[in-house]
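A.B. asks: Take a look at this one; I'll ask things after.
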Amino acid sequence: MITVDANPFEYCFDPASAALVVIDMQRDFVEPGGFGETLGNDVSHLQRAVDPTKRLLQLFRDRKMPVIHTRENHLSDLSDCPLAKRARGNPSLRIGDEGHMGRILIRGEPGAEIIPECAPIAGELVIDKPGKGAFYDTGLDDVLQKLGTRSLVFAGVTTEVCVQTTMREANDRGYECLLIEEATESYFPAFKEATIEMIRAQGGIVGWTAPLKALVEALSTTSE
Ligand code: TIU
Numbered sequence: 151m152i153t154v155d156a157n158p159f160e161y162c163f164d165p166a167s168a169a170l171v172v173i174d175m176q177r178d179f180v181e182p183g184g185f186g187e188t189l190g191n192d193v194s195h196l197q198r199a200v201d202p203t204k205r206l207l208q209l210f211r212d213r214k215m216p217v218i219h220t221r222e223n224h225l226s227d228l229s230d231c232p233l234a235k236r237a238r239g240n241p242s243l244r245i246g247d248e249g250h251m252g253r254i255l256i257r258g259e260p261g262a263e264i265i266p267e268c269a270p271i272a273g274e275l276v277i278d279k280p281g282k283g284a285f286y287d288t289g290l291d292d293v294l295q296k297l298g299t300r301s302l303v304f305a306g307v308t309t310e311v312c313v314q315t316t317m318r319e320a321n322d323r324g325y326e327c328l329l330i331e332e333a334t335e336s337y338f339p340a341f342k343e344a345t346i347e348m349i350r351a352q353g354g355i356v357g358w359t360a361p362l363k364a365l366v367e368a369l370s371t372t373s374e
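So the number in our numbering is just where the residue sits in the sequence shown, counting from 1, plus 150.
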């Protein structure tokens, strides 16, 4: 077992039953002209998560530990997009509309791809999801059960939307969840901080959080 100096207390896990889940590091959220910007957000905030997520990916790849990427997107005919989602609010472009990176949040369009810095490599799983949570209407739980996964390390965007929703879904399914603090970002810095606090409040009601350095140090006691 490996012990990470985490909050609200030590996070212990067996690397043989752990996996990294990188949530929605897609151009549509991280780059100008995509879904995130159409909602009125300043997407530059998310850049801060890119380099730490790259380093976290390398840590898992060096140790041949499983890596799973998720992408929020919809089928081109929008049959998996509830009207309530597409009609919500007053975005400059709606899901399925033509934008600077192809159709907004549509599977296969350039904007729905994962940014090159965090792109999957051969052997890594990619889960396409229509919702905010990565367990809703996907095969993620089956994939994790087949891998024998018990512990999930999380990164990605945005902290309080898809990352937190997925961590809560995972927690309810019995996975022990650790969020790496620098490897996640929100369009609202205060929401990121609040989410980190609410995850680890009440004795880890959703899970644990830790800086990347704490995980690096814990894993340095194992061989690559
Ligand atoms: N809008 C926002 O903060 N996030 C999303 O819509 N999706 C994800 O978090 N991936």
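Beta carbons: idealized from backbone N, C-alpha and C, even for Gly.
Residue 349: buried (16+ other C-beta within 10 angstroms of its C-beta) or exposed?
C.D. replies: buried
A.B. asks: Is residue 308 close to the ligand TIU? I mean its beta-carbon at under 6 Å from any heavy atom of the ligand.
C.D. replies: yes
A.B. asks: Would you check whether the ligand TIU has a heavy atom nearer than 6 Å to the C-beta of residue 312?
C.D. replies: yes
A.B. asks: Looking only at its own chain, which residues have a Cβ that is under 7 Å from the Cβ of residue 182, when we skip the five neighbours before and after it?
C.D. replies: 193
A.B. asks: Under the three-state reduction of DSSP, which class applies to residue 261: helix, strand or coil?
C.D. replies: If DSSP states are grouped into helix, strand and coil, residue 261 belongs with the helices.
A.B. asks: Could you check which residue in 186, 245, 176, 343 has the C-alpha nearest to that of residue 219?
C.D. replies: 176
A.B. asks: Under 6 Å from any heavy atom of the ligand TIU, does the C-beta of residue 222 make it?
C.D. replies: yes
A.B. asks: If we ignore side chains and look at the alpha-carbon of each, how far apart do residue 211 and residue 153 end up?
C.D. replies: 20 Å
A.B. asks: Provide the residue(s) that pair with residue 139 in DSSP beta bridges, ordered along the chain.
C.D. replies: Nothing can be reported for residue 139: it is not among the residues displayed for the chain, which extend from 151 to 374.
A.B. asks: So, at 6 Å on beta carbons, what are the nonlocal neighbours of residue 160 in its own chain, with the 5 sequence-adjacent residues on each side left out?
C.D. replies: Excluding positions up to five away in sequence, the list reads 153.
A.B. asks: Assign residue 254 to one of three DSSP states: helix, strand, or coil.
C.D. replies: coil
A.B. asks: In the DSSP assignment, the beta strand (DSSP E) including residue 152 goes from what residue to what residue?
C.D. replies: Boundaries of the beta strand (DSSP E) around residue 152: 152-154.
A.B. asks: Pick from 353, 278, 354: whose alpha carbon is nearest that of residue 255?
C.D. replies: 278
A.B. asks: Can you tell which of 287, 170, 241 has the C-alpha that lies nearest to the C-alpha of residue 215?
C.D. replies: 170
A.B. asks: Nearest by alpha-carbon distance to residue 339: which of 308, 363, 358, 354 is it?
C.D. replies: 308
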